Structures are given as C-alpha cells and as structure tokens.
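Chains as they are written, first to last, in this note's numbering: chain S, 77 to 294; chain U, 7 to 84; chain C, -14 to 759.
A virtual CB, placed ideally from N, CA and C, is assigned to each residue, including glycine.
All values derive from a computational prediction rather than experimental measurement.
Structure first, then comments.
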Amino acid sequence: MKQSEKRGWKVTAVATLCLFNVLFFTGSDAFSASVDLKDFDHQGKKIYDTYDETPQLYMSADSGDRNLAVYYQRRQYPGSPPPIPHEVDLTFSGNETDCLSCHERGGYSQEFGKFIPVTPHPEKTLCYQCHAQVTTTEKFVETNWKSIAPPRLGRSFLGSSPPPIPHALQMRENCISCHTGPGAVVEIRVDHSARGNCRQCHVPAPQTTLMQEFVRKP
Amino acid sequence: MPIFSYLALPIDGAREMLCTDLAKLPHCEIIPSDNREVVVLVTDTPDDDTENKLQKSLNNLQSLQSLSLTFGYDDKEK
Amino acid sequence: MTKKLNRRRFLKYAAAGSAVATAGALFPGISFGDWQNLSNNSGLISWQKAPCRFCGTGCGVLVGVSDGRAVAVKGDPNCSVNKGLCCMKGYHSVQMLYGKDRITTAQVRKNGKMVEVPIQEALDLVAEKLQETKEKHGKDSVAIYGSGQWTIPDGYVASKLFKGCLGTNNVEANARLCMASAVTGFMTSFGIDEPMGCYEDMDHANVFITWGNNMAEMHPVLFSRILANRKRRTNVTVIDFATRSTRTSQAADKSIIFNPQSDLAVANAICYEIIKHNWVDWNFVNEHVSFYKGKTNIGYGTEDHFAFKDKAEPIGFEEYKLFLEDYTPEKVEKISGVPAKDIKYMAALYGDPDLKVTSFWCMGMNQHTRGTWINNLVYNIHLLVGKISTPGNSPFSLTGQPSACGTVREVGTLTHKLPHGVVMNEHHRKMAAEIWDVPVKNIDPKPTYHTVEMFRALDRGDIKFIWIQVTNPMVTMPNLRRYRDGALKDDRFVVVSDVYPTPTTDVADVILPSALWVEQEGMFGNSERRTQHFAQIVDPPGEAMSDTWQIIEVAKRLGFEKQFPWTEDNYIGKIWEEYRKFHAGPKHEMASYEVLKKRSGVQWPFVNGKETRWRFNPKYDPACSNGKDFDFYGKKDHRAWIWARPYEPAAESPDNEYNFWLNTGRVIEHWHTGSLTRRIPVLHNAVPASYVEINPEDATELGVVNGEMVKIISRRGEVTMPAQIRGRGVPPRGMVFVPFFDESYLINEVTLDAFCPISKQPDYKKCAVRLEKA
C-alpha cells in the first residue's frame, strides 16, 4: 500500500486538522491548588495608551525577517524570556539605555540589517535579569527537557470569528509591540492595526484551564 | 513549490535503513521517533517537476512500507 | 524574497508539527527525540505555586505542568516578593529537573567501585554503619551536614534524629558558610535573629546603600524593584559601596570602592561624623540603645581546635565617642582608600533626618573574618540616627539560599542551636525533649563542631561517619584540598544525598537519590521572615526520595519509630505542626499548615491571622510590650546594643610574595556550585565556564589578554583559568575575582579557611595570591 493517499492536493493547504484538535487534559485534581486568574486582565489600559502613542506609519509598515518558527525556537517554552540572539558588549553593563535604545521603539537597524523587535515591557529596565547572553551552544550535559507546543494559529471558535488571545498577558500586555510594525513576526502580525481597541474583538483565552460552559444558577 | 509532511513506516526492522535512505534523498528532512517504528518526513521541493521526481524515488525505496500524508501546502493558486 | 523563504521555513515547521501530532494520536506514548515539544499536546497547562528553588529572595513562581512534567514557569502575581517577575534562573528553573545525568538509583561503594543497589538496601547500610560507628567510636563520631537548601522538614527531622535521638550536636549546615555572621550580628545587637524590616522597605526608602553586595546579579528581582522605585519616585539615590566595580556599581548613582576589610573603619567613621555633626536621634538613643564593647585582637581560627568566647562589657556613650576618635574620615581614608569626602557624603545621607535609608548586604559582610563586627557596625549607624523598624528605614541582611533562614536559622540546624534557643540553655533543652518525646539527658548541653571544625574533625578522624545532604562541600569548603583528602581517608564513611553527580558524590561511599524541589512537598523560609509552602507537583524520577523521608527511613531502622511515626502521605503536615510548637508566642508565631498551603508565603510572627511586617515597632508588632515607640524585646534590657568594634586587618593580606587579593563570588546565571544551573541550557550557554577577572592595567603588566590562561597561586594551592578583562565586573588594581560555581576550576583549593571567631563563618573574599601567565 505504498503511497496510500496523495494527489488531489490542488487546494492551498490541507492538514489533518481533526487530529490537531485532540485536546490534552491534565489531572483535574491538580487544580485545587492552582491560582485563579482574577488579576489576569488588569493591565488593559496599557494597550490603549501604547496604541495612542504609536504612529500609524509604523504600524502599517511592511517588512518581516523573523518568523514564528524562529520566534519559538529561541524560547525554552512558550512565554520564556528569549536569550539575546546577537552579540553584546562584553561588559553588558546594565546601562538601561543600551537595550532600550533599540528595543523600546523598534525601527530598522543598520548594524544588523533587520527590523528590531519591540519589547512589550519597556518599564522593566534590568534587562539582563531575564535575558541571557549566548556565548556557546554546547550543553554541560544533555537534557531530557520537553515543553508544550506553542499555541496554534487561527483558533477561532467559529469559522470567521476573531481568534482569542492564546497566551498569558503577564509581561505581554502590550499587543502593539509584538503584533504590529515591521519588527513583528509575520505570522502573527495583524492586517488591521488601524483598529486600536484589540480586545474589543479578541478575548483572552490562554489554555490553562478547561473551558467551562456557562450555567445559569437556578 | 509544494511542502508536504508524512508519517513513514519502515518494513519490519528497517527503521535505520529507512532513515539512511530518506536522508540521502534531496529536499527531504526527517525526524525519527525514539521508541516506535515511525519516521516523520518533511519534503520541500522548488517545483512540480522536482516533486514528481521525488515521488518516484520515494516509491522505489525498498525500506519503506507505507507513507501517509499529514500536511500539504502548495502556493500555486488554482 | 527573504520573507518568502522564512515563510517556507515556518510552513515546514508547521508540517513537521502536524506529522508529530498525528503520530501522537495514532501511537500513544510515541516520542521524537529531535522534536523539542511534547507530542500530542495542544498546550493545556495547570499552574501551581511554589517558591523559587534558587536564592534567598524567595520569589513566588507558578510551575506549569502538562502530562505530568513541569513545562513552563511564570512569576506568581499573588506573591508580594516579586509580584509576577522572576530572573533568568527562575524562569528556566524547571529545566533543572531534567538533566540527562539525574541520579535515580542508590549507589554503594563495593571494592572501590560504585554499584547500583535498591534504595532500601542502601538505607539499611547507612543505618547499620551509623549504629556501628556510634557504638565503636562514641556518639560524637557521627555527623550530618545539610544546607540552606534543605526544606524546613528536612532540617527538622535531621536535628530531631541527631540531637534528640542520637544525642550528638554534630548537626551543621552550609549556611554556616553564608549566614552565620548575620545571625551573630543580630544576636549581639538585638538578641533575636532575622531582619526587622521587609521588602516593602524598598517602596519607601530614599537612599539605598549596598555594602559589598552586587545585588544587580545576586538578588536581581529585588534590585530591579529598587530601580523601578528610582524611576517612579524622583527622590531615590542608590550608592554602591564595594571592593570591586560590578553591574550594581554601574547602575548606582555613585560607586565607592574601598580596600578589602576596611569597611570596619568606614562604618566607624560614618558614626564619628554622625556624632560630630550631632545628627544623632537622641530621643531614640536615650530610650532604646545601650552601649557595649567586646574583646579585641580576637584571632582568625586557622588552627585546629581554635576556641573563642566574646565578653560584653557595658560602656557609656562618652567612652564610645572616645573610641571613635581613631576613625576620623581623614584617618580612615588612609586605611580604606575611600576619599574623606565620600565618607562624609555617606554619613550625611544616613544623618539627614528627612531621608529614609535602607542598607543591604549579603556575603560581602558575612564572609568576613570580622563578620559579626561589621554587622554590628552597620546596625550602629542605623541605631544612632534612629532609622530602623519603620517603613523605608531598614538595615537589611539578605540571604543567599532559599531556606537559610527557614531551615538553618529558624529550625536551628547548627551545632549550638535547637529549634527554640540553644543547647547550652536548660529550659530550651527541656522544651525540645518534651516536644520530641525523648529523655532530656539525650540532648548534650555542649556544642561540638562548627562546619570548618567539623571537616577538620573528619580529616583528623574524630568524625568517622558523615551524611551530607543537598550541598556540595567538595567545591565550597575553603582550603579545599585538606578537607577532600580527609574525606577520602580509609575508615571514613561518607553518605551523600543528591540529585546530580558532583565532586562531593565523587568522595561518597553511599549515594542516595534525592527528590528535587517540587518533586516533594516542603517549605522554605526567605530573607524577610516569609515561610513558603510548596506541594509535590511532579513525581521524582526513579527511586529518588525526599531528604526528609530518607532520614525518617534511617531513624526507623535505628529504633526511633516512636519519634518518627508518620506515613509517607501525611508526614510534611504533621512535621510542620510539631515544629510550630517551638515557636508559639507573639515573637515567632508561625502560620498553620492549612494557611501556608493557601498563600504565596506568610511572614512570621503570624499573630491572630496577621503578618508582622516591621518588628520592634508597636504599630506593626504585637510582641512589643514596653509602652514606648519601639521595643527591642530580644535583649533583657529591651534595648538594641551599639558595639564599639575596632578595625582589625584581614587574616592574610597581600605581601611581596603573594601580591594580589583574591575575591570569590557568583554571577547572575549560576547559583551556588552550578550543579543545577549548569544543567539549564540557557544559563550554561551564557556562562559556560568560570574565569578570573583582572584589572586591565594589571593584565597589561602581566602580559595577559582576554581569554588567556592565568595561574593563581596561594600558600595552599593553585588553579589555572582564563582571564576576563573589562568584563561585567572590574576589580581594582591588586585584586582578582573568581566565580566559584565551576567544578573544573576549584578556586577553593586556593582560598584560606580563616573565619570570624564569633560566628565561625569563613572569609571567602580575602586571601593573598600571586599570578603567573600560564
């Protein structure tokens, strides 16, 4: 039965989407000690503020060098602070303007010939607290580390509805920084950045708890 | 410019051989499983001619028992 | 075109992901080694709280669990310590669980070779050897050596078994190497251990002075809170007072460099200035302060059997003032190399009644042959100006390990200590005997060996059996070679409980596989008196077992079932409730097990459901009873003590032959001896090996450029390692600095085992070396 199924692929994209949808459930008793997310949405105003401050020209600029695969490859798990992928001064002295001079507002870097990704949390200025240098790619010993797959794209609940926000907003409350502008990863860059109120349509739905249906109290 | 991914099943006991065979073919990338007789194959060819040639080479592999498609992409508009 | 290519790369990634997901659905349990993500997993994670495993800051983290594995970390927004932010170690901490070389089975040395055996068999052997050694050589020939990474139950059962049941005070922990001077500082100045303030001080203080404390790298989450305050409030100044220029110096508003050991003189000079300008808060001093002096010329403890006992003599203010005459800024400038105007500047900041001042310190002041003294002297400054125990006014001693406070200081896993009080005190012994259900005569009233002397006793043969848990002394002991050779001697029996192979497991006769961090339930206690509970979140690998349960298993084999009656499913809660009895009362009341499980850390004293943020201040502290503005109830006279402590030189200073200071410490990426952090790829990739920082001018003279090998030689040993010039830290001329995390460059073969005679804590920051180009 060699090459059992193929041909008939004139469509642009076919995937075994049904298999993709197998959700993974962890033991539900683990939730007794889990933390509730009531503070989850407290940073909403920031989004509007940054939107107001970001020039239209910048948001609609079109270029992209990194892509989503690279974006996730740099992280140990979705949401972990990425190491610094370029060389930094040996002293890496912690002068806050060193990193933020580029990564606060983004733009084109002559030095690297690339558009600069923008940090969603420029108010945190001790950058090297979380972002490590890379001076070797050798491991000390091999590791059995595994993490989860990054959130899939296009997870709309209905055929054409706006997809929900698949990641936690902690440290990433600022949609503009990662989802618009030429520094943004092309797959997650929005084509309607002129509409500023992101969460008018996109609701936070990080996959940390099971979906609970609304039940009216009797 | 088609991109496809498959699950490739080797004939009995020929997983290593299948990996070697697949790795030799152009436009092919593999991810072998550690604990099952399964190999993920990703192909990425520049045009239909190359794609057809590759399909033929795959058909002729002795170590391959079956190939099932899991993902397909082609940026030619219909 | 580039865009298109990258888009293709992404599509291929998606194609592979799709295939892996399909395979996962068709073949349950399938694994792809080259594929970094869990197959068949769409990303559903449950989050559970825990304190971070690394430093003493005690950040709250949320561990993300999927498919029974820890897969991600977030900062815990409910934890007041870090409010949702971590450092790179915290964010990647879960990766430390999964190094390929985890110890998962017990090993026993048979005919010189380590052989894997079932853990129950190894525990039989440990119990048998312990019993045999005790019978043959006496109770003080057996010892246990733990650490500030012990959970609170770990340390508690260790103390109960050894002090209560076996009757030996041979219980020590590596916190002796890191916190002992802080403890004796608190005890001599206040009569009660641990800081009066809390991290909230950072949101109130106007001036931060770091005393020999590279907070930017060692306590980065706290340091970034200082920086955030400086940015938000315009009236905040940060002064870094240190012996070498670091990232903290670079971030500070002013960096002041002093000669090693001369912090003693500078602290006294600040007090001199405060009195000279009459910045003294007389109401506070008259009501709440007593003046004392102790012995001087007290030695350095480099010889075996060294003994010292301080004697406190009351003095008046006038005598104290006279004592300070030797420490005018001009005189001190000559000792310290600090310009007199800088000393006066610091004194003016402490003295200004409108400024709130917080001082931070950690190893720089504690790892000091006069560690107790320098702790006293910084308290003197705060006491003279009354800047203490109020929000923002805080002399704050930071800790380096996650439970140095919780386990070592509060449980008292030191030779002279009990969970409440000291072995020398009859009442304290009676209390312990009663709670532990052992005859009071079991508890020996005489302390035995502090850490350095314990390893000397092992070398001499006075100790024949030692059980080492959660620490790596064969990297961290100063003058290391002597202690390693001692451990390797023929009739010494060394048991090591650990999670990865280290130089310490190399000298073991039995290796027990331990559960790590959230593979077990436990509690830590951080720098600000906060107790933090964590549940078991994932399973330990193989036969790995919590250190607590290992001790209980051995105790049961030795016939102490009555004292260790617990079962594996409830022991942590039961141990906690038993331990809590020791601290009943408003001065140290601990939260109940149920409360600890719910909250992201609880500060003690926890009285009537309320945490105490500032001690000795009746507005916050219910233990105050004297009816005044402050009550320093640790001392019988209800006063804090100012000590006249002189400047005395270091145990070994550079001379013609050995002309450099050697200073050792850490980097942000690695923690302690690196046995965990080096197995975290991101951290290892950032700093894969240790190095020696050399001043650029010294390097030129030596003819060494960046990366070239340099031999560091002391009277005790030598090590050859790469030079780093103009790196993240720059020592002044005449000093070199080496991070100690790297077991390939054992810098402690070079360091000196001199210690503070009062605290018995060694000085890792000062000894004399010479350099050669290798």
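Once DSSP output is grouped into helix, strand and coil, what is the label at S72 of chain U? strand
Mind checking if K(-3) of chain C is an interface residue toward chain U, Cβ cutoff 8 Å exclusive? yes
Just curious, the beta strand (DSSP E) that W452 of chain C is in, first and last residue? 450 to 454
Apart from the five residues on each side of it in sequence, which residues of its chain come closer than 6 Å, Cβ to Cβ, to L67 of chain U? D27
Closer than 7 Å: E43 of chain U CB and nearest the ligand COA heavy atom: Among the ligands in the structure shown, none appear at all, so the ligand COA cannot be discussed.
Rounded C-beta distance between A201 of chain C and R232 of chain C? I'm assuming under 8 Å. 4 Å
With respect to the alpha helix (DSSP H) encompassing T343 of chain C, which residues constitute its N-terminal and C-terminal limits? Run containing T343 of chain C: none in the alpha helix (DSSP H); it sits in the beta strand (DSSP E), 342 to 346.
Kindly indicate which three-state DSSP category E272 of chain C falls into: helix, strand or coil? helix
Which chain C residues sit within Cβ distance under 7 Å of T76 of chain U? S3, A4, T7
For K758 of chain C, count neighbouring C-beta atoms within 10 Å of its own C-beta (all shown protein chains included) and say buried if the count is 16 or more, exposed if not. exposed
From C:T375, C:G619, C:C347, pick the residue whose C-alpha is nearest to that of G406 of chain C; which is it? C:G619
Candidates C:L756, C:D738, C:R755: which alpha carbon is nearest G284 of chain C's? C:D738
8 Å contact criterion, which P404 of chain C and Y564 of chain C should meet: CB distance rounded: 6 Å
Using a Cβ-Cβ cut-off of 8 Å, state whether K751 of chain C counts as contacting chain S. no
If I measure Cβ to Cβ from A254 of chain C and keep anything under 6 Å in the same chain, skipping five residues before and after, which residues do I get? Y312, P314, V317, I328
State the CB to CB distance for the pair V460 of chain C and T487 of chain C, rounded to an integer number of angstroms; the pair is presumed to be in contact (CB under 8 Å). 7 Å
Output, in chain order, the set of chain S residues within a Cβ distance shorter than 8 Å of E504 of chain C. Result: empty, since nearest Cβ-Cβ is about 14 Å, beyond 8 Å.
Any beta carbon from chain U within less than 8 Å of N175 of chain C's own beta carbon? Residue identity check: residue 175 of chain C is Phe in the sequence provided, not Asn. With 8 Å as the cut-off, F175 of chain C does not count as an interface residue toward chain U.
Please classify I743 of chain C: is it buried, with 16 or more other beta-carbons within 10 angstroms of its beta-carbon, or exposed? buried
Within the continuous alpha helix (DSSP H) that includes A236 of chain C, where are the two ends? 232 to 236
Taking a cut of 8 Å between CB atoms, which residues from the region 22 to 41 of chain U lie near chain C? E35, I37, P38, S39, D40, N41
Does the Cβ-Cβ distance between P588 of chain C and S388 of chain C come in under 8 Å? For clarity, residue 588 of chain C is Gln in the given sequence; the question names Pro instead. No, the Cβ-Cβ distance between Q588 of chain C and S388 of chain C is not below 8 Å.
To the nearest angstrom, how far is it from the Cα of V90 of chain S to the Cα of Y79 of chain U? Only weak support exists for where V90 of chain S lies, its pLDDT of 34 falling under 50; the coordinates are left without a value.
Could you tell me whether the region 408 to 424 of chain C touches the region 59 to 78 of chain C, where touching means 3 or more Cβ pairs closer than 8 Å? no
Going by C-alpha to C-alpha distance, which of C:V425, C:L309, C:V690 sits closest to E682 of chain C? C:V690
Look at the Cβ atom of N648 of chain C, then the Cβ atom of F722 of chain C, and state whether they are nearer than 8 Å. yes
If you check the beta carbons only, do A128 of chain C and I448 of chain C fall under 8 Å apart? yes
Q71 of chain U to L24 of chain U span [Cα, whole Å]: 10 Å
Who are the Cβ neighbours of I373 of chain C in its own chain at under 6 Å, not counting the five residues just before and after it? H367
Skipping 5 residues on each side, what residues in its chain have a beta carbon closer than 6 Å to that of A332 of chain C? I255, E258, I259
Give, in chain order, every residue of the region 206 to 229 of chain C whose Cβ lies closer than 8 Å to some Cβ of chain S. V206, F208, S209, L212, A213, K216
Between T7 of chain C and T76 of chain U, what straight-line distance do the alpha-carbon atoms span, to the nearest angstrom? 7 Å
Where Q92 of chain C meets chain S, residues with beta-carbon distance less than 8 Å: Ordered by position in chain S, no residue passes the 8 Å Cβ test against Q92 of chain C, which lies about 18 Å from the chain.
At a Cβ cut of 8 Å, what residues of the region 154 to 168 of chain S count as close to chain C, listed as they run along the chain? P154, G155, S156, P157, P159, L166, T167, F168
Backbone CA spacing between R441 of chain C and E513 of chain C [nearest angstrom]: 33 Å
P525 of chain C versus C:A500, C:R515, C:T384, residue with shortest Cα-Cα distance: C:A500
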